[in-house]
Amino acid sequence: MWSIVGLLAMFVIACAFLINLILSDPERFRPILSDEIEAVTGYRVEFAELSWQWVPNIAITVNGLTVQGSRGDSPLLSVDAVFIAIELLPLLVDQELKVEAVTLGEVSINLHTDIEGRTNYTASTVAGGAQPNSQGESAMLLGTLSQLEIAKLQIDYRDLSTNTDIGLVIDTLSGRLSNQALSILFDSPTTYILRDLGVNFSGLLVGEQRIVLSQQTVEFDGFRIQGRLSTPQIAKAPFESQLSGSYFIQEDSLQLDQAASIYLGLETTFEGQIKELTTEAYTFDLSAKSVLTDSDQFNRLLKIPTLGLNPITVFKLETTINGTDLAPSFSALEGTANGTRFSGAADLSSHDQALNLDLRIDEIDLKQLVRSSDATTSNQNPTVAEERLIPIETLEGFNLDLRINIETLRLESFALTDLNFVFTNGKGVAEGKANARIDDGRLNVYLKSHYEQQSETQLKLVSQHLDLNSIWANQTLGHLSFDSALTFNGTTLGDFAHSLKGSSQFSLRDGAVDLRPAKSALQAIDRLTGTSSGVEAWPDVLNFDVVEGEHRFTQGLAAGQTARLGYPPITLTADGGFDIFEETFAFDTLLS
41 MWSIVGLLAM FVIACAFLIN LILSDPERFR PILSDEIEAV TGYRVEFAEL
91 SWQWVPNIAI TVNGLTVQGS RGDSPLLSVD AVFIAIELLP LLVDQELKVE
141 AVTLGEVSIN LHTDIEGRTN YTASTVAGGA QPNSQGESAM LLGTLSQLEI
191 AKLQIDYRDL STNTDIGLVI DTLSGRLSNQ ALSILFDSPT TYILRDLGVN
241 FSGLLVGEQR IVLSQQTVEF DGFRIQGRLS TPQIAKAPFE SQLSGSYFIQ
291 EDSLQLDQAA SIYLGLETTF EGQIKELTTE AYTFDLSAKS VLTDSDQFNR
341 LLKIPTLGLN PITVFKLETT INGTDLAPSF SALEGTANGT RFSGAADLSS
391 HDQALNLDLR IDEIDLKQLV RSSDATTSNQ NPTVAEERLI PIETLEGFNL
441 DLRINIETLR LESFALTDLN FVFTNGKGVA EGKANARIDD GRLNVYLKSH
491 YEQQSETQLK LVSQHLDLNS IWANQTLGHL SFDSALTFNG TTLGDFAHSL
541 KGSSQFSLRD GAVDLRPAKS ALQAIDRLTG TSSGVEAWPD VLNFDVVEGE
591 HRFTQGLAAG QTARLGYPPI TLTADGGFDI FEETFAFDTL LS
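For the sequence shown, position 153 (counting from the first letter as 1) is numbered 193 according to my numbering, and the numbering increases by one without interruption.
Put into structure tokens, the structure is as follows:
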């Protein structure tokens with residue numbers, strides 16, 4: 041009996057000695073781990089330290105794991121600590137590494153593109169040109185991995201060629217590997233930052249991501265993110281998004297089966313594909329629909345009341361999205377805002393800050409759109425010369441080409457129809473044109489400003505047969521035609537007041553003028569000067585066939601203005617000016 045016990049004891053001691061001998065030097069597994077990872081990814085991995093862990097499971101621990109990128113000094117990937125639990129029997133019998141579980145500490149991924157578009161994550165340039173295994177076959181890595189855990193994942197992406205700077209931080213990931221499919225489960229606090237745009241998201245990421253290595257696909261199931269999104273304009277607004285679909289690795293294409301986001305009270309759904317996701321400008325082939333679901337949140341966050349507008353209670357939008365993320369194109373754009381329907385197309389470009397917009401609107405009723413207000417002008421700031429008349433800071437950062445057609449624009453007492461507006465801006469020059477009908481008359485406005493050099497700005501106003509009776513009800517003012525061509529230098533209100541030049545001509549036909557205010561003013565002058573102008577003989581109401589006149593600015597507003605008003609046989613001339621800053625008014629008049 042004692043001999044049997046002694047034999048067993050000697051066997052246990054021998055086994056312990058054998059295990060200790062096999063496991064005494066973990067460094068001999070360094071090339072195995074490196075070669076296996078390089079075979080799958082194409083990247084060479086370096087370890088600062090390898091050691092064994094005995095309790096609670098036999099495992100290899102790795103400290104200071106790094107992958108050097110193809111360019112630059114910063115590592116492409118770094119992990120502070122790795123715990124690799126292995127199966128004991130294959131290790132003892134065949135000295136083969138079979139992994140049961142992997143736990144990673146803090147994982148940092150640094151993706152970089154230089155000004156010439158060269159990246160630090162091109163696998164073929166790493167490790168002497170080693171190519172990744174396209175089938176992902178590795179005895180060690182593609183077995184069954186019962187557990188994968190990542191304490192923290194941090195990704196930084198900087199692209200100097202497009203001035204893009206993105207940061208992503210996800211806490212606590214878990215997963216498993218089975219049948220050549222890696223499932224990653226998310227229930228993780230997440231932070232996403234677009235540093236170049238000042239956009240910040242903080243919230244929770246929930247869902248499952250399944251990577252099918254044999255099919256080279258990534259499947260998203262019930263992927264949902266919920267939290268608060270901040271932009272330079274809106275701080276900490278609720279944001280929610282969900283995604284179901286598949287990413288095809290070889291085609292570099294994401295197929296959206298169901299995708300939706302809720303932001304600013306709008307629920308937007310997407311269908312279609314996003315292609316070339318791993319390039320610097322991925323492409324869209326999407327359809328999108330957006331519906332207003334929370335009007336209170338929409339109007340509060342966009343500060344609609346502070347714009348002087350009535351709340352938006354109904355909003356719908358449908359469009360097709362093509363182009364790239366750097367230059368998206370929106371076609372077949374149709375929608376409704378309150379009672380107004382619109383359609384059109386738009387193109388954006390982040391490279392040159394360009395917007396091309398072609399928009400058609402059926403009807404806008406300003407009486408319903410603009411909020412009524414009892415506010416008076418008594419609390420307004422006084423007019424100052426430094427007030428910016430042409431917003432240089434806004435214009436100089438954008439290239440614009442806007443074309444807007446409005447069938448009907450209803451104002452308080454009249455309506456503009458067939459309103460066409462064209463505005464272009466670029467290279468320091470802004471140019472705008474607008475024309476519309478008012479009943480049978482037409483109105484044309486033209487503006488062109490060389491604001492970058494703060495040189496000449498041109499302003500032209502032309503009308504033909506405007507029926508003033510339709511604009512001011514209960515009046516008999518006649519039909520107005522005028523032609524005005526003005527110029528000024530500079531961009532502030534002071535520049536305008538001191539440099540305005542130009543002339544205007546007008547004619548008013550088939551109307552009547554209430555002369556009583558003019559008669560009262562001239563009678564007061566007669567009393568002060570002790571003269572008689574004969575104004576008492578004037579009629580109270582003057583019916584006329586035609587009244588013609590002209591006006592000229594020669595050196596701004598304060599002086600040098602000349603005006604003539606003629607109704608045969610009466611002619612009124614005036615010379616002088618007015619100062620909008622000092623609120624003074626001085627004209628010499630002559631009635632003949």
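Glycine included, each C-beta is placed from N, C-alpha and C at the ideal position.
Taking all protein chains shown into account, decide if S572 is buried (16 or more other Cβ within 10 angstroms of its Cβ) or exposed. Against the sequence shown, residue 572 aligns to sequence position 532. Classification for S572: exposed.
Please specify which runs of the beta strand (DSSP E), each continuous and at least 3 residues long, are wholly inside the stretch 357 to 420, giving them in chain order. 368 to 377, 380 to 389 and 394 to 405
Enumerate in chain order the residues of its own chain whose CB-to-CB distance from K488 is below 6 Å, with the five nearest sequence positions on each side excluded. Taking the sequence shown and counting its residues from 1, one reaches residue 488 at position 448. Within the same chain, K488 has close Cβ partners E471 and Q498.
To the nearest angstrom, how far is the alpha carbon of I694 from that of D402? No answer is possible for residue 694: it lies beyond the span of the chain, which begins at 41 and ends at 632.
CA-CA distance, A626 and V581? Numbered from 1 along the sequence shown, position 586 holds the residue referred to as residue 626. Numbered from 1 along the sequence shown, position 541 holds the residue referred to as residue 581. Roughly 27 Å separates the two Cα atoms.
Under three-state DSSP, which class holds H490? What you label residue 490 is simply residue 450 of the sequence shown in a count that begins at 1. Looking at H490 - three-state DSSP - the assignment turns out to be coil, as it is neither helix nor strand.
Output yes if chain D places a C-beta closer than 9 Å to the C-beta of P608; else output no. Reference to chain D is not applicable here, since this structure consists of a single protein chain.
Are D211 and L234 touching if we call contact CB-CB under 9 Å? Numbered from 1 along the sequence shown, position 171 holds the residue referred to as residue 211. Numbered from 1 along the sequence shown, position 194 holds the residue referred to as residue 234. Contact flag unset, no.
Short of 8 Å in beta carbon distance, which residues of its chain neighbour L540, apart from the five on each side in sequence? Order them along the chain. Translated into the one-based positions of the sequence shown, residue 540 becomes position 500. Excluding positions up to five away in sequence, the list reads L526, T527, F528, F593, G596 and L597.
Rounded to whole angstroms, what's the CA-CA distance from R264 to V331? Just pull it up for me. The residue you call residue 264 lines up with position 224 of the sequence shown. The residue you call residue 331 lines up with position 291 of the sequence shown. The alpha-carbon atoms of R264 and V331 are separated by roughly 20 Å.
So T353 is in the beta strand (DSSP E); what residue range does that whole segment cover? The count along the sequence shown starts at 1 and reaches residue 353 at position 313. Counting along the chain, T353 falls outside any beta strand (DSSP E), and DSSP gives it neither H nor E.
For the stretch 527 to 568, list the beta strand (DSSP E) runs that are entirely contained and at least 3 residues long, ordered along the chain. 541 to 554
Output the residue ranges of the alpha helix (DSSP H) runs that lie fully inside the stretch 303 to 359 and measure 4 residues or longer, sorted by chain position. 335 to 341
Determine the contact status of E358 and K329, defining contact as a CB-CB distance below 9 Å. Taking the sequence shown and counting its residues from 1, the one referred to as residue 358 is at position 318. Taking the sequence shown and counting its residues from 1, the one referred to as residue 329 is at position 289. Taking 9 Å as the Cβ cut-off, E358 and K329 qualify as a contacting pair.
The alpha helix (DSSP H) enclosing T434, as first and last residue numbers: Reading the sequence shown from its first residue, position 394 is the one you call residue 434. Residues I432 to L435.
When we look at the beta-carbon of H391 and count the other beta-carbons within 10 Å, is it buried (16 or more) or exposed? Reading the sequence shown from its first residue, position 351 is the one you call residue 391. Under this definition H391 is an exposed residue.
When burial is assigned at 16 or more other CB atoms within 10 Å of the CB, is I565 buried or exposed? Counting from 1 along the sequence shown, the entry for residue 565 is found at position 525. Answer is exposed; the Cβ neighbour count stays below 16.
Can you tell me where the beta strand (DSSP E) holding I620 begins and where it ends? Walking along the sequence shown from the start, residue 620 turns up at place 580. First-last for I620: undefined, no H or E at that position.
Please name the residue, chosen from S547, D398 and F618, that lies closest to E588 on a Cα-to-Cα basis. Sequence index remark: in the sequence shown, residue 588 carries index 548 (1-based). Ranking S547, D398 and F618 by Cα distance to E588 puts S547 first.
Closest to Q255 by CA distance: which of I274, D297, E320 and F288 is it? Position 215 of the sequence shown, counted from the first residue, corresponds to residue 255. It is F288 whose Cα lies nearest to the Cα of Q255.
Using a Cβ-Cβ cutoff of less than 6 Å, which residues in the same chain neighbour E259 once the five nearest sequence positions on both sides are dropped? What you label residue 259 is simply residue 219 of the sequence shown in a count that begins at 1. Result list for E259: R250 and S286, in chain order.
Would you please state the rounded distance, in angstroms, between the beta carbons of L105 and V85? I believe it to be under 8 Å. As a working mapping, residue 105 is identified with position 65 in the sequence shown. As a working mapping, residue 85 is identified with position 45 in the sequence shown. Right, their Cβ atoms sit about 6 Å apart.
For L217, the residue or residues it bridges with in DSSP: Your numbering for residue 217 matches position 177 in the sequence shown. The partner list for L217 (beta bridge, DSSP) reads L185 and L222.
Tell me which residue opens and which closes the beta strand (DSSP E) that I511 is part of. Position 471 of the sequence shown, counted from the start, is the residue given in the question as residue 511. First-last for I511: L508 to I511, but that is the alpha helix (DSSP H), not the beta strand (DSSP E).
Assign V166 to buried or exposed, taking buried as 16 or more other Cβ atoms, counted over all protein chains shown, within 10 Å of its Cβ. Position 126 of the sequence shown, counted from the first residue, corresponds to residue 166. Annotation note: pLDDT 41 at V166 (below 50); position unreliable, coordinate value reported separately. Buried, since its Cβ has 16 or more Cβ neighbours within 10 Å.
Identify, in the order they occur along the chain, each residue of the same chain with its Cβ nearer than 6 Å to the Cβ of L144, setting aside the five sequence neighbours on each side. The residue labelled residue 144 in the question sits at position 104 within the sequence shown. Correct list, in chain order: V119, V122 and I190.
Does V575 come out as helix, strand or coil in the three-state DSSP assignment? Position 535 of the sequence shown holds residue 575. Correct three-state label for V575: helix.
Report the three-state DSSP secondary structure of P609 (helix, strand or coil). On the sequence shown, position 569 is the one that residue 609 refers to. The answer is coil: DSSP assigns P609 none of H, G, I, E or B.
Quick one: what's got a C-beta closer than 8 Å to V142's C-beta in the same chain, skipping five residues either side? Taking the sequence shown and counting its residues from 1, the one referred to as residue 142 is at position 102. Excluding residues within five positions, the ones whose Cβ falls inside 8 Å are V122, F123, I124, A125, L185, Q187, L188 and E189.
When the Cβ atoms of the stretch 211 to 231 are set against those of the stretch 335 to 343, are three or more pairs found closer than 8 Å? no
Using the beta-carbon count (16 or more within 10 Å), is V424 buried or exposed? Translated into positions along the sequence shown, residue 424 becomes position 384. V424 should be labelled exposed.
Between the C-alpha atoms of P229 and G243, what's the straight-line distance to the nearest angstrom? Position 189 of the sequence shown, counting from 1, holds the residue named residue 229. Position 203 of the sequence shown, counting from 1, holds the residue named residue 243. Cα to Cα, the separation comes out at about 6 Å.
In chain order, what residues of the same chain have a beta carbon less than 6 Å from the beta carbon of N240, not counting five sequence neighbours either side? Taking the first residue of the sequence shown as 1, we reach residue 240 at position 200. Contacts found: I233 and S270.
Exposure of A321, with buried meaning 16 or more beta-carbon neighbours within 10 Å: Working through the sequence shown from its first residue, we reach residue 321 at position 281. So A321 counts as exposed.
How many Å lie between K467 and G437 at the Cα? Within the sequence shown, numbered from 1, the residue matching residue 467 stands at position 427. Within the sequence shown, numbered from 1, the residue matching residue 437 stands at position 397. Their backbone Cα atoms lie some 10 Å apart in a straight line.
Helix, strand or coil at P272 [DSSP, three-state]: Numbered from its first residue, the sequence shown carries residue 272 at position 232. Residue state, collapsed to three classes: coil.
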